[in-house]
Amino acid sequence: MNLKEGDKIQFEECVSRIRFKPLEVDTDAVYKRLRDRIETSRQRIGVSPIWKYTSVAACIALLCVSSFLIWNITESKPLSYLETTALAGSKAYILLPDSTEVWLNSDSWIRYPESFDDGNRSIELIGEAFFKVTKDQHRPFRVNMDGMSVEVLGTEFNVSAHKKSAAIQTTLLEGSVALYKKNNKSSTPDWVLIPGEQAVYNRDNGDIEVHPVQTSFYVSWATGDYVFENSTFGQIIQTLEHSFNVKFHLKDRSLKETCLTARFTHNESLDEILSILQISMKYEYMIKNKDVFIK
């Protein structure tokens, strides 16, 4: 800007008359206001004490629940047991947790765990049962009875251990069976059966007698197969009594000595079996409830 000489002098005089008043600043007050503003901002973006305590409590609760679940999984639980009873005149079929099959005869009882552990497979029996045991080399299968026990790895056998009987009969079809008396706490069995043998344990004196038998006589009640080879009629009716829970009455007791050979493998009824045997024996029979009369 070009000013005339007179104007320039006048401008300088005006400027020289202006006086600026110094700004008075309270630095302590400014600093206090700034610090209060910062603290207020921190409180707004921070976590309230209530939420802090709630978070801590939630963490503790989660830790407790996790610990309980881990303990619940790793802690060994007591075994739960199941029981099955076959009432008089009836039979029962049981599939055990290891897929072992059990046929429970009339007036018999079995107790077994809901699941077998890693060590062994043990069950309890009163009465008679036929077993088809699933093979397991690492877990022996044991049947515990009053007076003795039977141990196998995998086989087919029949056990009769009624409370009222002084004898326990063990009949082996396949494999091998180890017999242990009640007072035998060792790993060495008192006897080992081979197929076709039957062991009779006397509860009164503790003796074991072993002899060969026709196994079909002792397992036909469960399998439904009746194989009689040169068998006496007395042996046949004894098998039929056992299988069908009946009682035979013979007017002529000499009939017991008559020998017969017959095979029934299609689950024939008692009436059907007696009708076929009647052709050779020339007898008359009548079935009345649980009694069979032959003359």
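Numbering (our numbering), first residue to last: 166 to 460. Virtual Cβ for every residue (Gly too), placed ideally from N, Cα, C.
Suppose the cutoff is 7 Å on Cβ atoms and the five residues either side in sequence are ignored; what does the same chain contact list for residue i look like?
i, result
"ASN285", "ARG304, PRO305 and ARG307"
"ALA257", "THR249, ALA251 and LEU269"
Would you identify the three-state DSSP class for residue i, choosing helix, strand or coil?
i, result
"LEU244", "coil"
"TYR164", "Any question about residue 164 goes unanswered here, given that the chain covers just 166 to 460."
"GLY151", "With the chain covering 166 to 460 only, the question about residue 151 has no answer from this structure."
"SER352", "coil"
"SER273", "strand"
"LEU442", "helix"
"ARG209", "With a pLDDT of only 49 at ARG209, under 50, the local geometry of the prediction cannot be trusted, and no value is derived from it."
"GLY292", "strand"
"TYR450", "strand"
"GLU279", "coil"
Return the CA-CA distance between residue i and residue j, expressed in angstroms with no decimal places.
i, j, result
"GLU362", "LEU290", "21 Å"
"TYR450", "LYS460", "6 Å"
"LEU344", "TYR448", "43 Å"
"ILE373", "ASP355", "9 Å"
"GLU433", "THR404", "14 Å"
"LYS297", "ALA387", "11 Å"
"VAL457", "GLU422", "18 Å"
"MET313", "ASN270", "19 Å"
"GLY389", "ASP436", "14 Å"
"THR426", "PHE295", "25 Å"
"GLN400", "SER381", "11 Å"
"TYR246", "GLN443", "47 Å"
"ILE358", "ALA326", "Reading off the sequence, residue 358 comes out as Leu, not Ile. The alpha-carbon atoms of LEU358 and ALA326 are separated by roughly 17 Å."
With a threshold of 6 Å on Cβ separation, who are the neighbours of residue i within its own chain once the five nearest residues in sequence on each side are excluded?
i, result
"PHE281", "PRO262 and ASP263"
"LYS420", "The sequence as given places Leu at residue 420; Lys does not occur at that position. PHE398."
"TYR383", "ASN323 and THR336"
"THR320", "VAL298, GLU339 and GLY340"
"LYS416", "LYS460"
"ARG428", "VAL392"
"ALA253", "SER271 and ASP272"
"VAL411", "LYS455 and VAL457"
"ASP369", "ALA331"
Tell me which residues share the same chain as residue i and place their Cβ nearer than 8 Å to its Cβ, disregarding the 5 neighbours each side in the sequence.
i, result
"ASN309", "SER287, ILE288, GLU289 and LEU290"
"PRO377", "GLY361, GLU362 and GLN363"
"HIS414", "ASP456, VAL457, PHE458 and ILE459"
(message) Count Cβ pairs between the segment 353-370 and the segment 330-343 that sit closer than 8 Å; are there 3 or more?
(response) yes
(message) To test your reading of the DSSP string, which unbroken alpha helix (DSSP H) runs of 4 or more residues are found completely within the segment 396-435?
(response) 398-409
(request) Identify every run of the alpha helix (DSSP H) within the segment 295-365, keeping only runs that are complete inside it and at least 4 residues long; order them along the chain. (result) none
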